[in-house]
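Note sheet for the following structure.
Numbering (our numbering), first residue to last: 694 to 860.
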């Protein structure tokens, strides 16, 4: 593969990873669980706003993995560089938060108990993945850079300002 082919190849892998991973979790499965009838229009609009906002945040994170991290969200081509820009200045896991926001949006959009249970279970699975797989792997791959980042930025939420020197 030539150096000019690498960005195109990486982009295709990023697109595939997006479709397979958050695409399934945030869009395909919820729409399979959704009832055929949406909620009344007022609630449907609230749900739609959450889905759109979550999708925007998710795409922002995917872009940061691709541009700043030089990789994808997929385990088969993870970012080479530790991603500490964009939304990652406020949370170590904004991609998972974005997916959770999308799931809450679908729950409100359809007023569905099945979607509510799904929207509660998925973040629990995310937390287990982060604690038992991702964080140990990041510590091993990025060493001191990961430890400094972890000390500055919360796992989920809590920052009101970006980390120093990363504005």
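The C-beta atom is built at its ideal place from N, Cα and C for all residues, glycine as well.
I'd like to check one pair, residue j with residue i: are the Cβ atoms closer than 7 Å?
| i | j | result |
| --- | --- | --- |
| residue 770 | residue 757 | no |
| residue 726 | residue 808 | yes |
| residue 710 | residue 766 | yes |
| residue 754 | residue 775 | no |
| residue 716 | residue 795 | no |
Which residues mark the beginning and the end of the alpha helix (DSSP H) in which residue i is found?
| i | result |
| --- | --- |
| residue 833 | 828 to 845 |
| residue 738 | 734 to 760 |
| residue 792 | 787 to 803 |
| residue 720 | It is not in any alpha helix (DSSP H) - residue 720 carries neither H nor E in the DSSP assignment. |
| residue 779 | Run containing residue 779: none; DSSP gives neither H nor E here. |
| residue 640 | With the chain covering 694 to 860 only, the question about residue 640 has no answer from this structure. |
| residue 815 | 806 to 822 |
Report the rounded CA-to-CA distance for residue i versus residue j, giving the unit in angstroms.
| i | j | result |
| --- | --- | --- |
| residue 791 | residue 751 | 5 Å |
| residue 831 | residue 839 | 6 Å |
| residue 818 | residue 786 | 13 Å |
| residue 737 | residue 760 | 34 Å |
| residue 851 | residue 782 | 11 Å |
| residue 742 | residue 708 | 24 Å |
| residue 814 | residue 829 | 22 Å |
| residue 723 | residue 801 | 12 Å |
| residue 835 | residue 827 | 12 Å |
| residue 846 | residue 821 | 18 Å |
| residue 784 | residue 848 | 6 Å |
| residue 764 | residue 731 | 37 Å |
| residue 825 | residue 721 | 26 Å |
| residue 749 | residue 734 | 22 Å |
| residue 797 | residue 728 | 15 Å |
| residue 833 | residue 806 | 40 Å |
Buried or exposed for residue i, please, with buried defined as at least 16 other CB atoms from any protein chain shown within 10 angstroms of its CB.
| i | result |
| --- | --- |
| residue 762 | buried |
| residue 744 | buried |
| residue 859 | In this prediction, residue 859 scores a pLDDT of 48, lower than 50, which makes its location untrustworthy; the coordinate-derived value is nonetheless stated afterwards. When all chains shown are included, residue 859 counts as exposed. |
| residue 740 | buried |
| residue 812 | buried |
| residue 697 | Since pLDDT at residue 697 reaches only 49, below the 50 mark, its modelled position is unreliable, and the value read off the structure follows with that caveat. Its Cβ having fewer than 16 others within 10 Å, residue 697 is exposed. |
| residue 772 | buried |
| residue 705 | exposed |
| residue 712 | exposed |
Throw me the rounded Cβ distance for the residue i and residue j pair, which I believe falls under 8 Å.
| i | j | result |
| --- | --- | --- |
| residue 816 | residue 842 | Contact doesn't hold; Cβ gap of about 22 Å is too wide. |
Using a Cβ-Cβ cut-off of 7 Å, state whether residue i counts as contacting chain D.
| i | result |
| --- | --- |
| residue 786 | Among the protein chains of the structure shown there is no chain D, as only one such chain exists. |
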